[in-house]
Every structure is written in C-alpha cells, then in structure tokens.
Amino acid sequence: MPTVREFQVTFDCAEPERVGRFWCEVLGYVVPPAPEGFATWEEFDRSQPPEEQGSWFACVDPSGEGPRLYFQRVPEGKVVKNRVHLDVRVGTGLVGEERLAVLQAEGARLETLGARRVLLQLADEENESCLTMQDIEGNEFCLD
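Start counting at 1 in the sequence shown, then tack on 9, and there's your number in my numbering.
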C-alpha cells in the first residue's frame, strides 16, 4: 500500500507576502514562528542577501491538517488560466439557496480583501452552485 505523503502548495507570484497574507485570511492560516535566532520574520528577511529579501513567504494551517502554502517571487506575470486551482470548501453539505447564500457572502468577504468574482455557476441537475474567483494576483480559485 502506498504511503500518504505530506505536500505543500506553491504559488508563483510577484509579491509573495501580500499574496500569502491574502490566503491566510481566506483559509484561516497563520504565519509560522520565525526561525530560531530571529525575533520576527522581518528580522530574518533583513539578514538575507538583498536579492533574496522578500522572495518568499509561507503560511500553515494552525490545526496542522492542511498543506503548507508557499509563495515564491517569479519575474514573469500570470498570462494564462491556472492548470491547478484551489477549491475553498465553504458550502460543504449545503444545497440550493442556503448554499448559494453562503457562497455569495464568502465571495463578498473576499472581495473586500482584493479578490475578484469571475463566474457564478448555478446549481443544475448534477452539480451544486460554485463561485469562481481570482486572488489578488489573478490566480483562479473556486468557492464550492
């Protein structure tokens, strides 16, 4: 039987800390403690060579169950649709109008953080409603 492995989800982005803090708000994630010998992450960042300062950011699920999220600065901007995206499960177990209301409310909350609505897919005979959005750098994700 195969071993289940831990994994992290990595985002390529222009502003790692800004995007990472957005996702902390979306998911309830936290910034882990600064490395040993440093009082803060800012202090650690200042100790790095200038070209590496601000080049990455990470956050974790405080319960320890979800994957670590890692954000790395890349020189190129996003130009096409993501091949992989996150589904943020805010409507699990809900159906119909109740589910739609939860999706709409969470979408509105995320818009105040800088997210953008892309497409609301209403329930049909096979699927419940889903709201496609973009984070602050245009990465698509779904509220489902």
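Cβ coordinates follow ideal geometry from the N, Cα and C atoms, glycine included. Note that the coordinates shown come from a computational prediction; the quantities given were computed from them, not determined experimentally.
message = Between the region 50–64 and the region 99–112, can you find at least three pairs of beta-carbon atoms closer than 8 Å?
response = no
ask   = Skipping 5 residues on each side, what residues in its chain have a beta carbon closer than 7 Å to that of Gln17?
value = Pro76, Arg77, Leu78, Tyr79
task = Take the Cβ of Pro25 as the centre, count every other Cβ of all protein chains shown within 10 Å, and call the residue buried at 16 or more, exposed below.
result = buried
key: Endpoints, the alpha helix (DSSP H) within which Asp54 is located   = 50–55
request  = From the DSSP output, in three-state form, read off Asn28 for me.
outcome  = According to the sequence as given, residue 28 is Val; it is not Asn. Helix, per DSSP.
request  = Look up Thr121 in the DSSP assignment and give the residues it is bridged to.
outcome  = Its beta-bridge partners do not exist; DSSP assigns none.
Residue range of the unbroken beta strand (DSSP E) whose run includes Glu149 = 149–152
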